[in-house]
Amino acid sequence: MDASLRKSTFEPPAPVPRTVPPSRLEIIRTVLKNPLELWGQPSYTWPWIVTRFFGQTTIIANDPGLIRHVLVDNASNYEMSEIRQLVLRPILRDGLLTAEGPVWKRSRKAMAPVFTPRHARGFARQMREQSELFLDRYEAGAEGVVRDVAVDMTELTYAILSETLFSGGIVSEQGDFAKDVDDLLHSMGRIDPLDLLKAPRWIPRLTRIRGLGVLRKFRELVRRTMDHRRSIIRTERENAPDDFLTLLLELEGPDGLTSEEIEDNILTFIGAGHETTARALAWTLYCVAHCPDVRDAMEREIDEVIASGADPVEWLDKMPHVRASFEEAMRLYPPAPSINRDAIADDRYTAPNGETVEIAKGATVLVMPWTLHRHELYWDKPRVFDPSRFLPGEREKIGRFQYLPFGAG
5 MDASLRKSTF EPPAPVPRTV PPSRLEIIRT VLKNPLELWG QPSYTWPWIV TRFFGQTTII
65 ANDPGLIRHV LVDNASNYEM SEIRQLVLRP ILRDGLLTAE GPVWKRSRKA MAPVFTPRHA
125 RGFARQMREQ SELFLDRYEA GAEGVVRDVA VDMTELTYAI LSETLFSGGI VSEQGDFAKD
185 VDDLLHSMGR IDPLDLLKAP RWIPRLTRIR GLGVLRKFRE LVRRTMDHRR SIIRTERENA
245 PDDFLTLLLE LEGPDGLTSE EIEDNILTFI GAGHETTARA LAWTLYCVAH CPDVRDAMER
305 EIDEVIASGA DPVEWLDKMP HVRASFEEAM RLYPPAPSIN RDAIADDRYT APNGETVEIA
365 KGATVLVMPW TLHRHELYWD KPRVFDPSRF LPGEREKIGR FQYLPFGAG
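Residue numbers for the sequence shown, in the numbering used here: 5 to 413.
If you want it as structure tokens, here you go:
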């Protein structure tokens, strides 16, 4: 979409901001149904809100400077919130999303070589192949059929993830692995009412009990896959697939990762990369389908780049309209639901205009990408799907802590 192209005016669906604060019972019901319905108009207009949430001081942070202060400048004074860890740690244990302190630092340092442009380029071929296979299946059965794109994008992202993580090997071991992932996330990966009420951890969370069997099956399957790959690396390294699993297993050792940490991070990659990416793609398709000008610009760009024979690794840089549409969809529907931190000691943040917020020891700082990305202080017409915000020349005006689709990382 160049400067001469008419801006989109499409406003996709979203909960109407509350006008009355919810009661405790309403909070519990809403968290279980749709937490986005909790937020009132001040969440979209004020830089921060200090409130009490089930007896806990909570600061809803929308000010980019405050967010940077908590996540970067004074990060040593903050730890992952108790509720977040209650939900995620039983599933991911010491994966990168839930590990803290020395364990996180050691794991992040050990895995840094895995996340390099060279390795990313190495996966471009598999990504393209899986996408083309998916499109062939999609087009073969698409005529006259209404599709749920959320389900379809989940299938596509899992196929790509499976191929790049395990060279597809884990699927053949046991039935519908993608469904197991969804069952696990939807049963165990959610807040339980007892978490909000700060009930003792020894009291079972009924919403998660159903997922325990899936989690055991899931981990056993990952362990078997790891053992099988270890034997290949040990006996015939030249035949070992060059995927994430091989890269991680080659980091195993006293100065690298333990077997348990590799297992935890495989689950983290699947859990974090599977559903979040699928939802982002689904919302992008939904929004683009309602904006013919945006769709036309994207299709022209895709046709031109593919016809040019450009390396798939270069596609994203050569498709600014596609990239802008994806980023704008993630602004309106960010995959990361929240970033929560608990203050270890008293703290204070002073904004450039002199306003100050006191952060008491034990207080929770809650960053909601949903409200941040729709905030009237930082975005023009924040509820409108307008990819031109992210085109070259405009994208650079967006602050680092104004746009956090995947959280802080």
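A virtual CB, placed ideally from N, CA and C, is assigned to each residue, including glycine.
Asked: For ALA65, name the three-state secondary structure that DSSP assigns.; Found: strand
Asked: For PRO51 versus ALA355, is the C-beta spacing smaller than 8 Å?; Found: yes
Asked: DSSP state of ALA79, grouped into three classes?; Found: helix
Asked: Can you name, in chain order, every residue of its own chain whose Cβ lies under 8 Å from the Cβ of ALA367, other than the five neighbours on each side?; Found: GLN60, THR61, THR62, ILE63, ASP346 and ALA347
Asked: Please report the distance separating the alpha-carbon of GLU41 from that of ALA301.; Found: 34 Å
Asked: What are the boundary residues of the alpha helix (DSSP H) that includes TYR162?; Found: 153-170
Asked: Report all residues from its chain with a CB closer than 8 Å to the CB of LEU160; omit the five preceding and five following residues, and keep chain order.; Found: GLN134, SER135, PHE138, ALA282 and LEU285
Asked: Near ARG28, which residues of its chain fall below 8 Å by C-beta distance, leaving aside the five closest residues on each side in sequence?; Found: PHE58
Asked: Quick check on PRO341 - is its C-beta less than 8 Å from some C-beta in chain B?; Found: No chain B appears in the structure shown, which is made up of a single protein chain.
Asked: What are the start and end residues of each continuous alpha helix (DSSP H) run of 4 or more residues lying completely inside the region 82-148, in chain order?; Found: 86-96, 105-115, 121-126 and 128-144
Asked: Which same chain residues end up closer than 7 Å to ARG227 when comparing Cβ atoms and leaving out the 5 residues on each side of it in sequence?; Found: GLU267
Asked: Please classify ASP350 as buried or exposed, where buried requires at least 16 neighbouring CB atoms within 10 angstroms.; Found: exposed
Asked: What are the residues that DSSP puts in a beta bridge with TRP52?; Found: ALA65
Asked: Just to check my reading of the structure: ASN269 and LEU252 have Cβ atoms closer than 8 Å, yes? What is that Cβ distance to the nearest angstrom?; Found: 7 Å
Asked: Here's the rule I'm using: 16 or more other beta-carbon atoms within 10 Å means buried, otherwise exposed. How should ALA7 be labelled?; Found: Bear in mind that a pLDDT of 43 at ALA7, under 50, signals an unreliable position, so the model cannot answer this.
Asked: Among LEU100, GLY126, PRO391 and GLY257, which has the Cα closest to the Cα of ALA333?; Found: PRO391
Asked: Note down the Cα distance separating GLN89 from GLU305, rounded to an integer number of angstroms.; Found: 43 Å
Asked: Check whether the Cβ of ARG212 lies closer than 7 Å to any heavy atom of the ligand NAD, and answer yes or no.; Found: No copy of the ligand NAD appears in this structure; indeed no ligand is present at all.
Asked: So, are the CB atoms of PRO296 and PRO338 less than 8 Å apart?; Found: no
Asked: If we call anything under 8 Å between Cβ atoms a contact, is VAL292 one with SER329?; Found: yes
Asked: Tell me, please, which residues DSSP counts as bridged to VAL369.; Found: ILE63 and ARG345
Asked: For PRO396 and LEU70, I'd like the C-alpha separation in whole angstroms.; Found: 27 Å
Asked: How many Å lie between VAL76 and PRO25 at the Cα?; Found: 31 Å
Asked: Report the rounded CA-to-CA distance for THR360 versus ALA79, giving the unit in angstroms.; Found: 18 Å
Asked: Measure the C-alpha to C-alpha separation of TYR406 and ARG238 and round it to an integer number of angstroms.; Found: Note on identity: in this sequence residue 406 is Gln, with Tyr being the wrong assignment. Those two C-alpha atoms are separated by around 47 Å.
Asked: Would TYR82 pass as a contact of VAL91 if the rule is Cβ separation under 8 Å?; Found: no
Asked: Who are the Cβ neighbours of ILE274 in its own chain at under 8 Å, not counting the five residues just before and after it?; Found: LEU165, LEU169 and VAL185
Asked: Which class does ASP259 belong to by DSSP, given the choice of helix, strand or coil?; Found: coil
Asked: Are the beta-carbon atoms belonging to LEU188 and LEU219 less than 8 Å from one another?; Found: yes
Asked: Whose C-alpha, out of LYS385, PRO258, ARG141 and ILE32, is nearest the C-alpha of ALA114?; Found: PRO258
Asked: State the DSSP-derived secondary structure class of TYR382, mapped to helix, strand or coil.; Found: coil
Asked: When you compare the CB positions of ARG233 and LEU249, do they come within less than 8 Å of one another, or not?; Found: yes
Asked: If I follow the unbroken alpha helix (DSSP H) through ILE207, where does it start and stop?; Found: From DSSP, ILE207 is part of no alpha helix (DSSP H); its letter is neither H nor E.
Asked: Could you check which residue in ALA163, THR262 and THR34 has the C-alpha nearest to that of SER111?; Found: THR262
Asked: May I ask which residues mark the beginning and end of the beta strand (DSSP E) holding ASP351?; Found: 351-354
Asked: Measure the C-alpha to C-alpha separation of LYS401 and ASP247 and round it to an integer number of angstroms.; Found: 36 Å
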